[in-house]
Amino acid sequence: MTTKSRTLSIKQRGLTNFESIMWIFTRLSALAMYALILFGMIGALVMGAREQMNFADVMRWAFMPNVTHVQSTEVPDLNPWSNPFWKLTASALLLVAVAHGVHGLVVIADDYITSEGGRKFVRLLSIIMMASMSLMGLYIIWTS
Amino acid sequence: MEVTVKIFRYNPEKDQRGNYVTYKIEADENDRVLDVLEYIKGKTDGSLSFRRSCAHGVCGSDAMRINGRNMLACKVLIRDVGANITVEPILGLKVKKDLIVDMEPFFDNYRKMLPYFINESPLPADGRERLQSPEHRARFDETTKCILCAACTTSCPSFWASDEYYGPAAIVTAHRFIFDSRDEAADKRLQVLAETDGIARCHTAYNCTEACPREIKITKAIGEVKLAIITGKLD
Chain S
78 MTTKSRTLSI
88 KQRGLTNFES
98 IMWIFTRLSA
108 LAMYALILFG
118 MIGALVMGAR
128 EQMNFADVMR
138 WAFMPNVTHV
148 QSTEVPDLNP
158 WSNPFWKLTA
168 SALLLVAVAH
178 GVHGLVVIAD
188 DYITSEGGRK
198 FVRLLSIIMM
208 ASMSLMGLYI
218 IWTS
Chain C
1426 MEVTVKIFRY
1436 NPEKDQRGNY
1446 VTYKIEADEN
1456 DRVLDVLEYI
1466 KGKTDGSLSF
1476 RRSCAHGVCG
1486 SDAMRINGRN
1496 MLACKVLIRD
1506 VGANITVEPI
1516 LGLKVKKDLI
1526 VDMEPFFDNY
1536 RKMLPYFINE
1546 SPLPADGRER
1556 LQSPEHRARF
1566 DETTKCILCA
1576 ACTTSCPSFW
1586 ASDEYYGPAA
1596 IVTAHRFIFD
1606 SRDEAADKRL
1616 QVLAETDGIA
1626 RCHTAYNCTE
1636 ACPREIKITK
1646 AIGEVKLAII
1656 TGKLD
């Protein structure tokens, strides 16, 4: 009788395939975004945000914890936001969010575009979009 | 009781596109929708075409959309669907005639899952069967119930968008062999499922679970296959 425990290596179960790696990345990056968003909001509270708690401000702290966005929120002291630690946090959230969002769009596009050439074109476009959005965001974060 | 049945009709030799024809007939509330279709074909309009074979929910031939939901016509009673019934072919596959669709893309996907037992190891010393514990058998019991009626796959929005997606029925078949402790080709099946048109296209809509006339928990089975790809554990 077969009783041996059956476990497959990464290669055996097809996880070396780029598409399946991205499939797992999309799930993990969603979790990472929750963590980073919470981190940004808690950071804002720690650094003195008390009254600027309307929806728009909370969204700014959550999604873009950087000095450019904090400027418009009447937080009295902007210095804590412009240190490298918060810039790195903001960069991490930006990169994860862009990759997650763009890959989500690719998956949706795959529902409608099924030819191999079409799918390659969508992937090329999405890589260009992902790179340019990431670069623009990083520029804003690190030059402000 | 009088039953009004609106049926999708399409004759490829005459019609540019399908249209609906309404029939009014007398039926008992305990009749099945299949009985009603048989009655119309026998007494009113012999040109009506649909698939049926066993008529007892086992062969899976007569999956169709009844009042917008995928069901087996032989398993649903008039009293369950009411006196106004709309019958249409299952979605996502090309209609050949009336309620008959081209099942080839469905079976193409099915065949990609290697739907047969693979074990290249020598037989046990006594040269007889490969034994399996009741626990190992129970692991894939749910997915052995599939009758390949295509009710699940043709209720899946991902499959409607693209029949390149293998679809729930194919993944259920893969599940049946992947988790069979006697089978040795789980890796081949998982590698196929890890491709672009595999499990990544399942967006967990749950339509398949609702549509299954055998009440297989299909979304759960697909989830287990996803986990097997992520963790590599087959037990």
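Protein sequences, first through last, are from chains S and C.
Each position in the first sequence, counted from 1, maps to that position plus 77 in the working numbering.
Each position in the second sequence, counted from 1, maps to that position plus 1425 in the working numbering.
The beta-carbon is built from N, C-alpha and C at its ideal position, and this holds for glycine as well.
Per the DSSP calculation, residue i is bridged to which residue(s)?
i, result
"residue 1522(C)", "1525(C)"
"residue 1444(C)", "1434(C)"
"residue 1427(C)", "1451(C)"
"residue 1658(C)", "84(S)"
"residue 1457(C)", "1502(C)"
Is the Cβ of residue i closer than 8 Å to any Cβ of chain C?
i, result
"residue 114(S)", "no"
"residue 85(S)", "yes"
Is the shortest distance between the beta-carbon of residue i and the beta-carbons of chain S less than 8 Å?
i, result
"residue 1550(C)", "no"
"residue 1599(C)", "no"
"residue 1653(C)", "yes"
"residue 1658(C)", "yes"
"residue 1589(C)", "yes"
"residue 1612(C)", "yes"
"residue 1640(C)", "no"
"residue 1619(C)", "yes"
"residue 1586(C)", "yes"
"residue 1563(C)", "no"
"residue 1615(C)", "yes"
"residue 1606(C)", "yes"
"residue 1646(C)", "no"
"residue 1625(C)", "yes"
Is residue i near residue j, with beta carbons less than 8 Å apart?
i, j, result
"residue 170(S)", "residue 113(S)", "yes"
"residue 1633(C)", "residue 1572(C)", "no"
"residue 1473(C)", "residue 1462(C)", "yes"
"residue 97(S)", "residue 1625(C)", "yes"
"residue 1513(C)", "residue 1496(C)", "no"
"residue 1531(C)", "residue 1518(C)", "yes"
"residue 1657(C)", "residue 104(S)", "no"
"residue 1595(C)", "residue 1537(C)", "yes"
"residue 1558(C)", "residue 83(S)", "no"
"residue 94(S)", "residue 1589(C)", "no"
"residue 1445(C)", "residue 1457(C)", "no"
"residue 1428(C)", "residue 1508(C)", "yes"
"residue 1577(C)", "residue 1637(C)", "yes"
"residue 215(S)", "residue 159(S)", "no"
"residue 1504(C)", "residue 1451(C)", "no"
"residue 1627(C)", "residue 1587(C)", "no"
"residue 1568(C)", "residue 1646(C)", "yes"
"residue 206(S)", "residue 173(S)", "no"
"residue 183(S)", "residue 203(S)", "yes"
"residue 1476(C)", "residue 1510(C)", "no"
"residue 1610(C)", "residue 1659(C)", "no"
"residue 87(S)", "residue 164(S)", "no"
"residue 1591(C)", "residue 1623(C)", "yes"
"residue 1542(C)", "residue 1602(C)", "yes"
"residue 1539(C)", "residue 1651(C)", "no"
For residue i, decide whether its Cβ has a neighbour in chain B, counting only Cβ atoms nearer than 8 Å.
i, result
"residue 106(S)", "The structure shown contains no chain B; its protein chains are S and C."
Practice item. Anything in the region 90-101 of chain S with a Cβ closer than 7 Å to a Cβ of chain C? List those residues in chain order, please. Key: When C-beta distances to chain C are compared with 7 Å, the residues of the region 90-101 of chain S below that value are 90, 91, 92, 94, 96, 97, 100 and 101, in chain order.
**Study point:** Positions along the region 159-186 of chain S whose CB lies within less than 8 Å of some CB in chain C
**Key:** Of all residues in the region 159-186 of chain S, only 184 come within less than 8 Å of chain C when Cβ atoms are compared, listed by chain position.
Point to revise | Contacting positions in the region 184-213 of chain S - beta carbon closer than 8 Å to chain C | key: Cβ contacts with chain C come from 184, 187, 188, 189, 191 and 196.
**Study point:** alpha helix (DSSP H) segments (min. 4 residues) lying fully within the region 1472-1557 of chain C
**Key:** 1503-1506 and 1529-1537, all fully within the region 1472-1557 of chain C.
Review point. What beta strand (DSSP E) runs, 3 residues minimum, are completely inside the region 1567-1638 of chain C?
Key: Entirely contained in the region 1567-1638 of chain C, not one beta strand (DSSP E) run reaches 3 residues.
**Study point:** Where the region 1478-1496 of chain C meets chain S: residues whose CB sits under 9 Å from a CB there
**Key:** Of all residues in the region 1478-1496 of chain C, none has a Cβ within less than 9 Å of some Cβ in chain S.
Practice item. Would you list, in sequence order, the uninterrupted alpha helix (DSSP H) runs of no fewer than 4 residues that lie entirely inside the region 174-212 of chain S? Key: Correct list: empty.
Practice item. Return the residues of the region 1567-1584 of chain C that lie within a Cβ-Cβ distance of less than 9 Å from chain S, sorted by chain order. Key: So the list reads 1582 and 1583, given in the order they occur along the chain.
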